[in-house]
Amino acid sequence: MRVVIQRVSRASVTINKQIKSSIDKGFLILLGICEEDTKEDVEWLVHKIIGLRVFDDNNHVMNCSIMDIDGNILVISQFTLMASYKKGNRPSWFKAAKHEKAIPLYEEFCQMLSEVLHKPVATGEFGANMQVELVNDGPVTICMDTKRKE
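So, in structure tokens, the structure goes:
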């Protein structure tokens, strides 16, 4: 699994000109799922995201987690994070998981985040054409890949 985590002051997702979800302070998470991903990848990512200390404390030092600030999370599925660009200039998506595998893992990821966060996680719609708006706070952007736990 690959994620792009952006610390936001607000974010929203619109589908067919209707706002599906919006959040204020927290994380916008773009999630890419590959064929090899498992529940263990979901668990590892959720643990890392919840513990990620990128919010300011009272001394303006990034020392607080999403839990510490009672922040919100918006998760957007994004198969394009699994792009292979090794050959030529047109990306290939062969590493991205098929719907039958990706949808249950996406739903499990969102559910597990919601349970740990103790509040609903906002989502987009898997496979839909979405317009995502955000105000990146900082800017702070973190990329994680469960196959490269660095």
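1 is the number of the first residue of the sequence shown in the numbering used here; add one for each residue after it. From the three backbone atoms N, C-alpha and C, an ideal C-beta is built for every residue, glycine too. No experiment lies behind these values; they were computed from the predicted model shown.
Annotation for Ala102: Ile33 place their beta carbon closer than 6 Å to its own, counting only its chain and skipping 5 residues before and after. Spanning the alpha carbons of Leu134 and Lys86 requires a straight line of approximately 30 Å.
Within a 10 Å sphere around the beta-carbon of Ala122 sit 16 or more other beta-carbons, which makes this residue buried.
Across the structure, Arg2 and Val13 are spaced so that their CA atoms are roughly 20 Å apart. Runs of the alpha helix (DSSP H) lying entirely within the stretch 6 to 60, each at least 4 residues long, are 39 to 51 in chain order. By the Cβ-count criterion, Gln131 is exposed, with fewer than 16 other Cβ atoms from all chains shown falling within 10 Å of its own Cβ.
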